[in-house]
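Quick note: the sequence shown uses my numbering, first residue 1, plus one each step.
Glycine residues also receive a C-beta, built at the ideal position from the N, C-alpha and C atoms.
Everything on this sheet refers to the single structure shown next.
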Amino acid sequence: MKVVIDTSSLLAFVRYYLPFDDKHTLFDLIKNKIFNKEIIIIDKVIDECKFISKGIILEKLDYLKNRRIKINSTEILPTKKFYNQLENQFVYGSAKNRLNEAEYEKMKENFLQSADAKLILYTLNYNKENNMFEDNKMIIVTEESPSENDNKFIKKIPQIGKLLEIKVITLPKYFIKLGVKINY
């Protein structure tokens with residue numbers, strides 16, 4: 001199973017799992033999955049990690065600094081269909097009313113350059129190129145909730161994933177899929 005992981009899940013891993021991982025079992029599992037390309041890391045996610053909680057993710061998972069593991073996102077570009085979906089499905093209707101034309105265009109461009117958009121686009125491209133069966137499609141791992149609770153102009157990853165038929169799961173569900181049993 002291949003997954004692409006969001007910054008929020010890496011932060012949850014560092015904050016809530018590593019402090020109890022005395023034998024480095026989960027640490028080594030995630031590290032091996034990343035180096036074996038079963039967990040994909042997008043460069044935009046690494047960039048976000050530098051600024052989240054004073055860089056704690058890169059401090060605790062120092063192997064993420066290895067250039068060989070991250071996917072360069074400059075070549076992950078939206079298709080015309082994706083751009084139209086952004087315009088018509090991903091942007092909340094009220095966003096168009098609250099922004100002038102220039103602000104609206106800037107907001108869309110910022111989204112297209114964001115880690116969220118790159119995660120979604122990478123997953124779409126991977127699944128299309130590999131013509132995967134449903135059980136083998138790439139999955140996005142994120143801790144984002146689908147609820148609208150942050151006044152963003154663009155829908156969150158789980159909402160967009162649902163629209164695009166991309167499977168989105170949380171880190172605990174990923175561990176369950178891997179058969180990881182966490183004992184306290």
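*Is there contact between the region 164-173 and the region 139-150, where contact requires at least three CB pairs shorter than 8 Å?*
They touch, by the three-pair rule.
_On the DSSP bridge list, what partners appear for I140?_
As a working note, residue 140 is residue 140 in the sequence shown. Paired residue(s): V4, V168.
*Identity of the residues DSSP links to V91 by a beta bridge*: Counted from its first residue, the sequence shown places residue 91 at position 91. Its beta-bridge partners are I154.
_So, under 8 Å CB-CB, I76 and N130 are touching, yes? Tell me the CB distance rounded to an integer number of Å._
Here residue 76 refers to the residue found at position 76 of the sequence shown. Here residue 130 refers to the residue found at position 130 of the sequence shown. With 8 Å as the limit, I76 and N130 do not qualify as a contact, their Cβ atoms being about 15 Å apart.
*Flag this pair as touching only if the region 83-100 and the region 58-69 have three or more C-beta atom pairs under 8 Å; answer yes or no.*
The answer is no - the region 58-69 does not touch the region 83-100, with fewer than three Cβ pairs under 8 Å.
*asked:* For F227 and N127, what's the separation of their Cα atoms in angstroms?
replied: Nothing about residue 227 can be read from this structure; the chain reaches only from 1 to 184.
*Which residue comes first and which comes last in the alpha helix (DSSP H) that contains I46?*
Numbered from its first residue, the sequence shown carries residue 46 at position 46. The continuous alpha helix (DSSP H) containing I46 extends over residues 43-49.
*Decide if E48 is buried, meaning its Cβ has at least 16 other Cβ atoms within 10 Å, or exposed.*
For the purposes of this step, residue 48 is taken as residue 48 along the sequence shown, with counting starting at 1. That one is buried.
*Around the Cβ of I182, are there at least 16 other Cβ atoms within 10 angstroms (buried) or fewer (exposed)?*
Reading the sequence shown from its first residue, position 182 is the one you call residue 182. Around the beta carbon of I182, fewer than 16 other beta carbons lie within 10 angstroms, which makes this residue exposed.
*4-residue-minimum alpha helix (DSSP H) runs that sit fully inside the region 52-125, ordered along the chain*: With a minimum length of 4 residues, the continuous alpha helix (DSSP H) runs that stay inside the region 52-125 are 56-60, 80-85, 93-98, 101-112.
*Taking the alpha-carbon positions, what's the S145 to D21 distance?*
By one-based count along the sequence shown, residue 145 stands at place 145. By one-based count along the sequence shown, residue 21 stands at place 21. Between S145 and D21, the C-alpha separation is close to 26 Å.
*Chain-order list of residues whose beta-carbon lies under 6 Å from that of M107 (same chain, five-residue window excluded)*: For the purposes of this step, residue 107 is identified with residue 107 of the sequence shown, where counting begins at 1. Result list for M107: F153, in chain order.
*Best match in K44, T123, F13 for proximity to L29 [C-alpha to C-alpha]*: Numbered from its first residue, the sequence shown carries residue 29 at position 29. The shortest Cα separation from L29 among K44, T123, F13 belongs to F13.
*From what residue to what residue does the alpha helix (DSSP H) around K181 run?*
The residue labelled residue 181 in the question sits at position 181 within the sequence shown. Counting along the chain, K181 falls outside any alpha helix (DSSP H), and DSSP gives it neither H nor E.
_Report the CB separation of I41 from K118 in whole angstroms; it is logged as a contact under 8 Å._
On the sequence shown, residue 41 is found 41 positions in, with the first residue counted as 1. On the sequence shown, residue 118 is found 118 positions in, with the first residue counted as 1. The C-beta distance from I41 to K118 rounds to 11 Å, too long to fall under 8 Å, and the pair is not in contact.
*Between the C-alpha atoms of D135 and E148, what's the straight-line distance to the nearest angstrom?*
Start at 1 with the first residue of the sequence shown, and residue 135 comes out as number 135. Start at 1 with the first residue of the sequence shown, and residue 148 comes out as number 148. For the pair D135 and E148, the Cα-to-Cα distance works out to about 29 Å.
*Can you give the Cα-Cα distance for K2 and Y104, rounded to whole angstroms?*
Position 2 of the sequence shown, counting from 1, holds the residue named residue 2. Position 104 of the sequence shown, counting from 1, holds the residue named residue 104. For the pair K2 and Y104, the Cα-to-Cα distance works out to about 34 Å.
_Let me make sure I understand the geometry here. Which of I34, L178, P19 has the alpha-carbon closest to that of D6?_
To locate residue 6, count along the sequence shown from 1; it is residue 6. Closest by C-alpha distance to D6, out of I34, L178, P19, is I34.
*Indicate whether at least one CB of chain C lies closer than 8 Å to the CB of L77.*
This model lacks chain C altogether, as it is built from one protein chain only.
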